[in-house]
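**Q** Protein chains in written order, with the working numbering: chain A, 3 to 170; chain B, 3 to 170. Let me give you the structure first, and then I'll get to my questions.
Number of protein chains: 2
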Amino acid sequence: MRIAVLVTNGFQDDEYTEPVNAFKKAGHEIINVELKKGVTVKGKLDKASVVIDETVRNIYVEDFDALLIPGGYSPDKLRGNDDVVDFVKDFAKSKKPIFVICPGQQLLISADVLKGRKITGYRSIIQDLKNAGAEFIDAEVVEDKNFISSRQPKDLPAFIKACLSKLN
Amino acid sequence: MRIAVLVTNGFQDDEYTEPVNAFKKAGHEIINVELKKGVTVKGKLDKASVVIDETVRNIYVEDFDALLIPGGYSPDKLRGNDDVVDFVKDFAKSKKPIFVICPGQQLLISADVLKGRKITGYRSIIQDLKNAGAEFIDAEVVEDKNFISSRQPKDLPAFIKACLSKLN
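Right, here's the structure in full:
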């Protein structure tokens, strides 16, 4: 399966590395997406760096099977860009799996695709999720149709297990 | 006037220093508030550091005349704490002035005090502000009763001018 990862500077290091390593180990292909192809972006803790494979303006939802959005400061930076928000909106409409953790859900809020959906997320964004019309559930992983969400780095094992199961 | 400033690590440096310097110059007193008294917190750009004067649990709205919430990563970190959110909620109810810039408005969202209020804020949180029931206005400064809000560092001159006028 081809998995797009939306990531920019300040991402939560292990929320990128752990799922991506698990997906690669399971034979899936990772395509890192940001505003500029070829740049290297760094994690918030400076423990991981990622080379961007594709520009968000030059990709199509049809070319991917799933979308991963790691947390940290990255989602809030990315959602300031309309191309990123439109891509997430189109992805959500396609009903292909979207994996979000921590404040990665901020991109789903900006894409306005959370009405009536069950979701979890980082403590600081609970009110934002409720205001977006989602039903917030305080659990390590929440699955609602094509959305799989988790709250924080310590939920990663359950998050990765649920994502891998969805990709099978 | 006594002005409480809610600030923690990762604050937008000039969104703290510029208003605070202007307020001090005008004769106002600044009390820096965070979870722990005595600690030093640093700006996102490492251009400013702030010593915390008071713990949020030990202060009362009655002891202050206004509240300033600078942006950066600071507001999102602070709103994960219920004492901070309760303080902001009480402050909003007191009808004393609240000055917010950039994503400082995230604390007003978590305090659930934005319904029907005119507000501006950083680009990435526009959808969050609308979802919170606020009327988003794209202007360098927006004043609605006791709330004065701005979008970003370049709005600082207009923001400071409006805040100082409110304090007179």
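For glycine and all other residues, C-beta sits at the position ideal for the given N, C-alpha and C.
Give me, in chain order, the residues of the same chain whose beta-carbon lies closer than 6 Å to that of residue 162 of chain A; leave out the 5 immediate sequence neighbours on both sides.
**A** Numbered from its first residue, the first sequence carries residue 162 of chain A at position 160. The answer, listed in chain order, is 21 and 24.
**Q** Grouping DSSP H, G and I as helix and E and B as strand, with all else coil, what is residue 184 of chain B?
**A** Any answer about residue 184 of chain B is impossible in this case: the structure gives chain B only from 3 up to 170.
**Q** Could you check whether the Cβ of residue 78 of chain A sits closer than 8 Å to any Cβ belonging to chain B?
**A** For the purposes of this step, residue 78 of chain A is taken as residue 76 along the first sequence, with counting starting at 1. For residue 78 of chain A, the answer is yes, since a Cβ of chain B falls inside 8 Å of its Cβ.
**Q** Can you list, in chain order, the residues of the region 55–88 of chain A whose Cβ is nearer than 8 Å to any Cβ on chain B?
**A** Residues 75, 78, 79, 81 and 82.
**Q** State yes or no: is the beta carbon of residue 125 of chain A nearer than 8 Å to at least one beta carbon in chain B?
**A** As a working mapping, residue 125 of chain A is identified with position 123 in the first sequence. Chain B contact via Cβ: present.
**Q** Examine the Cβ distances between the region 29–44 of chain B and the region 5–15 of chain B and report whether three or more of them are shorter than 8 Å.
**A** With the cut-off at 8 Å, the region 29–44 of chain B and the region 5–15 of chain B touch.
**Q** Is the shortest distance between the beta-carbon of residue 111 of chain B and the beta-carbons of chain A less than 8 Å?
**A** Walking along the second sequence from the start, residue 111 of chain B turns up at place 109. Yes, contact with chain A.
**Q** Could you tell me the alpha carbon to alpha carbon distance between residue 99 of chain A and residue 148 of chain A, rounded to whole angstroms?
**A** Taking the first residue of the first sequence as position 1, residue 99 of chain A is located at position 97. Taking the first residue of the first sequence as position 1, residue 148 of chain A is located at position 146. When rounded, the distance between both Cα atoms is 4 Å.
**Q** Identify the contact partners of residue 129 of chain B in chain A, using a Cβ-Cβ distance below 7 Å as the criterion.
**A** Within the second sequence, numbered from 1, the residue matching residue 129 of chain B stands at position 127. The contacting residues are 111, 112 and 114.
**Q** Are the Cβ atoms of residue 81 of chain A and residue 112 of chain A separated by less than 8 Å?
**A** Working through the first sequence from its first residue, we reach residue 81 of chain A at position 79. Working through the first sequence from its first residue, we reach residue 112 of chain A at position 110. Yes, the Cβ-Cβ distance between residue 81 of chain A and residue 112 of chain A is below 8 Å.
**Q** Alpha carbon to alpha carbon, how far is residue 66 of chain A from residue 142 of chain B?
**A** Looking up residue 66 of chain A in the first sequence gives position 64. Looking up residue 142 of chain B in the second sequence gives position 140. So the alpha carbons of these two residues sit roughly 40 Å apart.
**Q** Pick from A:155, A:74, A:54 and A:29: whose alpha carbon is nearest that of residue 105 of chain A?
**A** As a position in the first sequence, residue 105 of chain A is number 103, starting the count at 1. Nearest of A:155, A:74, A:54 and A:29 to residue 105 of chain A, Cα basis: A:74.
**Q** From the beta carbon of residue 175 of chain B, is the nearest beta carbon of chain A less than 8 Å away?
**A** Residue 175 of chain B is absent from the model: chain B starts at 3 and stops at 170.
**Q** Could you check whether residue 116 of chain A and residue 136 of chain A sit closer than 8 Å to each other, using their CB atoms as the reference points?
**A** Here residue 136 of chain A refers to the residue found at position 134 of the first sequence. Here residue 116 of chain A refers to the residue found at position 114 of the first sequence. Result yes, Cβ atoms of residue 136 of chain A and residue 116 of chain A sit closer than 8 Å.
**Q** Can you tell me whether residue 148 of chain B is helix, strand or coil according to DSSP?
**A** As a working mapping, residue 148 of chain B is identified with position 146 in the second sequence. If DSSP states are grouped into helix, strand and coil, residue 148 of chain B belongs with coil.
**Q** Would you please verify whether the beta carbon of residue 141 of chain A is less than 8 Å from any beta carbon of chain B?
**A** Looking up residue 141 of chain A in the first sequence gives position 139. Residue 141 of chain A does not count as touching chain B.
**Q** Do we get a CB-CB distance below 8 Å when we pair residue 134 of chain B with the residues of chain A?
**A** Taking the second sequence and counting its residues from 1, one reaches residue 134 of chain B at position 132. Closer than 8 Å: yes.
**Q** With burial defined as no fewer than 16 other Cβ atoms inside 10 Å of the residue's Cβ, what is the status of residue 59 of chain B: buried or exposed?
**A** As a position in the second sequence, residue 59 of chain B is number 57, starting the count at 1. By the neighbour-count rule (16 or more Cβ atoms within 10 Å), residue 59 of chain B is not buried but exposed.
**Q** What does a CB cutoff of less than 6 Å around residue 96 of chain A pick up in its chain, not counting 5 residues either side in sequence?
**A** In the first sequence, the residue the question calls residue 96 of chain A occupies position 94. So the qualifying residues of the chain are 63.
**Q** Which one of A:49, A:86 and A:47 has the shortest CA to CA distance from residue 7 of chain A?
**A** As a working note, residue 7 of chain A is residue 5 in the first sequence. Nearest C-alpha to residue 7 of chain A: A:86.
**Q** Spell out the partners DSSP gives residue 74 of chain A in its beta bridges.
**A** For the purposes of this step, residue 74 of chain A is taken as the residue at position 72 of the first sequence. Note: residue 74 of chain A sits in a beta bridge opposite A:13.
**Q** What are the boundary residues of the beta strand (DSSP E) that includes residue 44 of chain A?
**A** Taking the first residue of the first sequence as 1, we reach residue 44 of chain A at position 42. First-last of the beta strand (DSSP E) with residue 44 of chain A: 42–44.
**Q** Taking all protein chains shown into account, do 16 or more other C-beta atoms lie within 10 angstroms of the C-beta of residue 79 of chain B, making it buried, or fewer, making it exposed?
**A** Along the second sequence, read from residue 1 onward, the residue named residue 79 of chain B stands at position 77. Per the 10 Å Cβ criterion, buried.
**Q** Just confirm the distance between the C-beta atoms of residue 152 of chain A and residue 103 of chain A, as a whole number of angstroms; I'd bet it's less than 8 Å.
**A** As a working mapping, residue 152 of chain A is identified with position 150 in the first sequence. As a working mapping, residue 103 of chain A is identified with position 101 in the first sequence. Yes, they are in contact, since the Cβ atoms of residue 152 of chain A and residue 103 of chain A sit about 4 Å apart, within 8 Å.
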